[in-house]
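Counting with my numbering, you get residues 9 to 1044 for the letters of the sequence shown. Every residue, glycine too, gets a C-beta built ideally from N, C-alpha and C. Take a look at the structure set out below.
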Amino acid sequence: MFNQGQGLSKAFRNSAVRMAMPIESKKEDHNKGHYAVVGAKIIRPNSEYRVTVTSFELTDKLEICVSLVSKGNVIESKNVSLERNDHQTIVFQLGSIPEDKYHLVAEGKSGIVFRKEADLEYDDKFCSVLLQTDKAVYKPGDTVRFRVLVLDRNMKPAVTGSSMRLYICDGAGNRVKQWNDVSLDSTGVFEAELPLSTEPVLGEWKIHVEVLGLKQFKSFDVDKYVLPTFEVSVKGDSYTTVDDEILKVAIDSKYTYGKPVVGELTVTVKPEERYYYGSKPATLCQKTVPINGKTVLEFNLQDELKLSSAYNREFVFEAEVREQLTGRTQSGSSTVKIHDDRYTVNLVQEAKYIPGLPYKAWIKVSNIDGSPAEPESLTVLFRNDSKVQLTNYTLDTNGMAKLDLNLDNMKFNYLRIEVLYRGKSYEVDGISKPREKMDAFIRVSTSEQQPSIGKDLKFDVCSTKPLKYVAYAVLSRGAVVNGGVVEADNQTCTIITIPSVYAMVPRAKLLVFYMCNDGSVVSSNTTIEYRNIFANHLILGITNNDVKPGETIDISVKANEESFVGLLAVDQSVLLHKSGNDLNRNCVAKELEAYESSRNYSYYNHNDLPDFQDAGAVFISNANVGREELDHQPVFYCSAVGGVAFGAPRMAKKMRSAVEHIEMAVAETKEPTIRSNFPETWIWESIKKCNKDGEVVRKVVPDTVTSWIISGFSLNKTSGLGLMESPAKINVFLPFFISMDLPYSVKHGESVRIPVIIFNYLDEDQMADVIFYNKNQEFEFTDDSETSVYEDHHRRMKVSLAKDGGKTLSFMIKPKKVGHITLKITATCALAGDGIERELLVLPEGIPQYSNQATLIDLRSTSSHTHKLDIDIPSNAVANSTKVSVSVIGDVLGSSIANLDSLIRMPYGCGEQNMLNFVPCIVVLDYLNASKRLTGDDKIVSKAKRCMEVGYQRELTYKHADGSFSAFGESDKSGSTWLTAFVAKSFQQADKYISVESDIVDKALGWLSEVQSENGSFPEVGNICHKDMQGGAAGG
């Protein structure tokens, strides 16, 4: 809706254009009547191209042939016959037309003989691809889950059976996974996942999609990170003016479960960067204060913010909170504008002034927060050249004063308006008078505010002269949606009714026009804005939004019948770290707007009427367009400035308190429930076809004390795409719980401090009994100064906890094994208890080495077999890192098949070791294929391929820029001749089982050809660490 203040919500600013005057250079025959052909400026492949053909006051029946032409070749043509004041719509079904120059050609065969054409613009966008991942950032070893939605321009599933190609590139641009010739089913959704190796290339990864000639990608990060546990928000007083002395800024810091964070706050103030070209702005001031959840700081505008420049009115406030319990920091920022004045004064027009049509206008005075000013008197000065008219008015309760003007009796071109209010002068927009040579005007308006899809829209059309008929066309997203002719019976006003369809979302242009007897065109247009851009819907109902870890909840799902529904629930901490992975209203609206064309056209194409050009239309007619007039006058645009805005509230996160009053129950247990399930993604679920009455999804809440953000989309072949109005939020909380502040990883053999935080949100202080367990003796405690020994291997600590807060305890441990060690801690008090079990990654201080021995057992001639194996352990091996495993399998390749996953379980193997475990997977699959057992056990095959994909990703981390490979990648001076050849051969062999980018193999072979000697040999230009892997080639 127009921002015209209260009382004017049904008024819309509209537009009109003058009657175009005939030009002398080209005479048209207007005695037989007129015709008009309206089409969209843009033409797209694999879509409909719609044209409206209208006749005006014909004397004879008109036969017209309308064609789409490229380089003189007719793509498609259709013939229509028009009677007097008739209208027809032509629909061309276009296939896969190539990029070229296209023309819309209209040719009159009888009645009026003519041939005219209009240039079209080719745009290859005829469908949309939306990608969703479960997160925006992943750790090594995570699984990337993603969905691809292929939609037509109306956000419905694209053509079933369309072939799609996908591939994923790592942070170095290597293609690590590929799906070829994926056939889309009726849902329009493709789902897949990619397990990341434990040593992937870090950085920005991309999912590439190629479908129906369209290419799209989505990025995600792979990184080693620790999730934040709290957020920091900054909000400045947005109603501060230059006349004020103090600016207040509120900083709010709370945990993801809603409780306040206690710590130290540092606020840094800088000017907005755009005022400093080529240099970074200097810090104006900095303040450090304690914070307990929320605080308000005051800044002096003159002394601290140095408010002196008339241009620098915006300041950036950066807040950093250091949590007292852990020392971890989290930041937030906000930009605050200092206003020049406490009031805003505007001219509000019901419509642009058009001589002969009613005109209403108001002066609106608002406070800077948007609220209406108090009823008070003001003075308005109207300046017409040297003449000044002064009139006093009084504001009403809406802060508005209606102007008393009779513009039709005034001679003016532009009327300047100045408002005197509370001792200050305000210059507002003036009133423009159309040019003197205008002969007629037309204006379109509507009182509709909240149109919905499927409901007719009514528009009032008024003219300064009696109307016999009015033609109209509706254009949206670069296409003609509707069109027609309305009889007006020689009245100055008439009503046009058009159906509201999804093809008009998110905005459409209604173009109205008529033609006079002399061929002049009188036109107007208005913009229709939709706030609800979805024809489908998705509603989630949650049994309880405030739950405890481990509880079971039911999520009811309601969408249009037979809709595909995709659900996603992630930890709010993940979104605080990085967002942008999910589908939302903004990304869908942006995709819809990408089809629009009118905003991209030049406003200096004088061959088009401004209204048609603004609507993105081409116009073929025997009309007269006043080009000479346009050449010497600025173009007067008749489209509504604000258009028709329709109201649904914007999507916004519902922020509510994570915890209300919780009734406590006394429970005495020796050991509390142990929480050990801490996923970052909780729900990734798809409902292929939603029932008419909806679906119910039952889930167990994970053990993380946090808030879970649940989002979803629905997709239906009839109603298209739908999103939740806003994501749902489930708060998971315990009044007494443990948290461990763990790093991403630690080194084996090093002492490390494990911070354990005990939170007490009970109604009174508590004495807690904390026990750190070491049941499997995977580590040792190195500092017992503050703890006591509990049952030999464990440690115990008593701690007093104040209510509504937490306390940090420190335990010093030294890991005794490499890999993941389990840390289990419990805490109990008189009223509650909690237990937590987390895994900590322990990295070795050296490089892993592997030795494998095999022996053949032949029991055909004996009933028993004894064999002694000698294992040499290097003297410099990491203590307690040696493992020996023995397996006996009744199949030559049985051990390889049974231990495929363990073959690649080398988190830090070099490029040579990685290949030693990559190649056996190929051998096993070749063996299964040769023995015709490749499909005999799908689990084995899928396991082998999964291991190969991970090994393939890992090996790419050891690739040089020139295409060669070496044991340690770019750390080595040169690639290795032997390893490069081995990798190229192995990748080529693996290509029949997994996706291998051919360019990687080609570059490796190209590098080998460059190092080849003149005698044909291939000298080793690099180093081979593990020469045994070369076999007989080690010496030559």
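Nearest-angstrom Cα distance between R350 and Y361? In the sequence shown, residue 350 corresponds to position 342, counting from 1. In the sequence shown, residue 361 corresponds to position 353, counting from 1. Taking the straight line from one Cα to the other gives about 30 Å.
Identify whether C595 lies in helix, strand or coil by the three-state DSSP scheme. Counting from 1 along the sequence shown, the entry for residue 595 is found at position 587. Helix.
Per-residue burial, C501 [other beta carbons within 10 Å of its own, 16 or more giving buried]: Stepping through the sequence shown from its first residue, residue 501 is reached at position 493. Burial call: exposed.
Quick check on DSSP: helix, strand or coil for E920? Taking the sequence shown and counting its residues from 1, one reaches residue 920 at position 912. The three-state reading of DSSP puts E920 in helix, counting H, G and I together.
Within the same chain, show all residues whose beta-carbon is closer than 8 Å to that of K79, passing over the 5 residues directly before and after it, in chain order. Along the sequence shown, read from residue 1 onward, the residue named residue 79 stands at position 71. Excluding positions up to five away in sequence, the list reads D108, K109.
Per-residue burial, M523 [other beta carbons within 10 Å of its own, 16 or more giving buried]: Locating residue 523 in the sequence shown gives position 515, where the first residue counts as 1. Flag for M523 reads buried.
Rounding to the nearest angstrom, what Cα-Cα distance links T274 and D260 in this structure? Along the sequence shown, one-based indexing puts residue 274 at 266. Along the sequence shown, one-based indexing puts residue 260 at 252. Answer to the nearest angstrom: the Cα atoms are 12 Å apart.
Take the Cβ of D711 as the centre, count every other Cβ of all protein chains shown within 10 Å, and call the residue buried at 16 or more, exposed below. If you number the sequence shown from 1, residue 711 lands on position 703. Under a 10 Å Cβ-count criterion, D711 is classified as buried, with 16 or more other Cβ atoms of the shown protein chains found around its own Cβ.
If you pair each beta-carbon of the region 962-982 with each one of the region 166-184, do three or more pairs fall below 8 Å? Contact holds: three or more Cβ-Cβ distances are below 8 Å.
DSSP-derived helix/strand/coil call for A998: As a first step, residue 998 must be located in the sequence shown, where it is residue number 990. Annotated three-state conformation of A998 is helix, per DSSP.
For S818, does the count of other Cβ atoms within 10 angstroms reach 16, so buried, or fall short, so exposed? Here residue 818 corresponds to residue number 810 of the sequence shown, with the count starting at 1. Around the beta carbon of S818, a 10 Å sphere encloses fewer than 16 other beta carbons of the protein chains shown; the residue is thus reported as exposed.
Three-state class that DSSP yields for C698 in the structure shown: Locating residue 698 in the sequence shown gives position 690, counting from the first residue. In the three-state reduction of the DSSP assignment, C698 falls in the coil class, being assigned neither a helical nor a strand state.
Strictly by DSSP, which residues pair up with K476? Taking the first residue of the sequence shown as 1, we reach residue 476 at position 468. Assignment of beta-bridge partners to K476 by DSSP yields no partner.
Would you identify the three-state DSSP class for L933, choosing helix, strand or coil? Mapped onto the sequence shown, residue 933 falls at position 925. Residue state, collapsed to three classes: helix.
With a CB to CB cut of under 7 Å and the five nearest residues on each side skipped, what residues in its chain are close to M732? Taking the sequence shown and counting its residues from 1, one reaches residue 732 at position 724. Only L546, L548, S719, G720 meet the Cβ criterion.
Take the Cβ of T726 as the centre, count every other Cβ of all protein chains shown within 10 Å, and call the residue buried at 16 or more, exposed below. Residue 726 sits at position 718 when you count from the first residue of the sequence shown. Around the beta carbon of T726, fewer than 16 other beta carbons lie within 10 angstroms, which makes this residue exposed.
L315 and K1045 - do their beta-carbons sit closer together than 9 Å? Coverage of the chain is limited to positions 9 through 1044, which leaves residue 1045 absent and any answer about it impossible.
Span separating the alpha-carbon of P380 from that of T248: For the purposes of this step, residue 380 is taken as the residue at position 372 of the sequence shown. For the purposes of this step, residue 248 is taken as the residue at position 240 of the sequence shown. Rounded to whole angstroms, the gap between the alpha carbons of P380 and T248 is 17 Å.
So, do the region 370-390 and the region 400-409 have three or more beta carbon pairs nearer to each other than 8 Å? Under the three-pair Cβ rule at 8 Å, the region 370-390 counts as touching the region 400-409.
Run through DSSP, which three-state label would V277 get? In the sequence shown, residue 277 corresponds to position 269, counting from 1. Strand, per DSSP.
If you measure between the beta carbons of K133 and G728, is that distance less than 9 Å? Position 125 of the sequence shown, counting from 1, holds the residue named residue 133. Position 720 of the sequence shown, counting from 1, holds the residue named residue 728. By the CB criterion at 9 Å, K133 and G728 fall outside the cutoff.
Short check: CB of F787 to CB of K755, under 9 Å? Stepping through the sequence shown from its first residue, residue 787 is reached at position 779. Stepping through the sequence shown from its first residue, residue 755 is reached at position 747. Result no, Cβ atoms of F787 and K755 do not sit closer than 9 Å.
Span of the beta strand (DSSP E) holding H828? Locating residue 828 in the sequence shown gives position 820, counting from the first residue. Counting along the chain, the beta strand (DSSP E) containing H828 begins and ends at 827-836.
I need the DSSP call for D260, collapsed to helix, strand or coil. Locating residue 260 in the sequence shown gives position 252, where the first residue counts as 1. Secondary structure at D260: strand, using DSSP grouped into helix, strand and coil.
In the DSSP output, what is W692 paired with across the bridge? Indexing the sequence shown from 1 puts residue 692 at position 684. Bridge partners of W692: L576.
Let me check understanding here. Comparing Cα to Cα, which of Y752, S982, S508, T836 lies closest to P236? Residue numbering aside, residue 236 sits at position 228 when the sequence shown is read from its first letter. Minimum Cα distance to P236 is reached at Y752.
Below 7 Å CB to CB, which residues in the same chain sit around A736 once its five sequence neighbours on both sides are set aside? Looking up residue 736 in the sequence shown gives position 728. Closer than 7 Å at Cβ, skipping near neighbours: L548, I550, I718.
Is the beta carbon of N300 sitting closer than 9 Å to the one on P279? Stepping through the sequence shown from its first residue, residue 300 is reached at position 292. Stepping through the sequence shown from its first residue, residue 279 is reached at position 271. It is not a contact, given that the beta carbons lie outside the stated cut-off.
First through last residue of the beta strand (DSSP E) which encompasses S104: Your numbering for residue 104 matches position 96 in the sequence shown. Per DSSP, S104 is not a residue of any beta strand (DSSP E), being assigned neither H nor E.
From L831 to V152, what does the alpha carbon distance come to, in whole angstroms? Against the sequence shown, residue 831 aligns to sequence position 823. Against the sequence shown, residue 152 aligns to sequence position 144. One C-alpha to the other measures close to 27 Å.
Spatial neighbours of H875 in its chain, beta-carbon cut-off 7 Å, leaving aside the 5 residues before and after: For this step, residue 875 is matched to residue 867 along the sequence shown. The residues are T863.
Between which residues of its own chain and V674 is the CB-CB distance below 7 Å, once the five residues before and five after are set aside? Mapped onto the sequence shown, residue 674 falls at position 666. Interpretation of V674 is limited by its pLDDT of 34, a score under 50 that renders its predicted location unreliable; the figure taken from the coordinates is listed afterwards. Setting aside the 5 residues that flank it on each side, V674 is surrounded in the same chain by L839, each with a C-beta closer than 7 Å to its C-beta; the list follows chain order.
Cβ separation of G196 and L157, assumed to be a contact under 8 Å, to the nearest whole Å: Residue numbering aside, residue 196 sits at position 188 when the sequence shown is read from its first letter. Residue numbering aside, residue 157 sits at position 149 when the sequence shown is read from its first letter. Confirmed, about 6 Å.
Three or more C-beta pairs below 8 Å linking the region 480-496 and the region 83-100: They touch, by the three-pair rule.
Please report the Cβ distance between N544 and S564, rounded to the nearest whole angstrom; I am assuming they are in contact, meaning their Cβ atoms lie under 8 Å. What you label residue 544 is simply residue 536 of the sequence shown in a count that begins at 1. What you label residue 564 is simply residue 556 of the sequence shown in a count that begins at 1. Contact between N544 and S564 does not hold, since their C-beta atoms are separated by about 17 Å, which reaches or exceeds 8 Å.
Proximal residues to T890 (C-beta, below 8 Å), its chain only, five neighbours per side dropped: For the purposes of this step, residue 890 is taken as residue 882 along the sequence shown, with counting starting at 1. For T890, same chain residues with a beta-carbon under 8 Å away, outside a window of 5 residues either side, are I881 in chain order.
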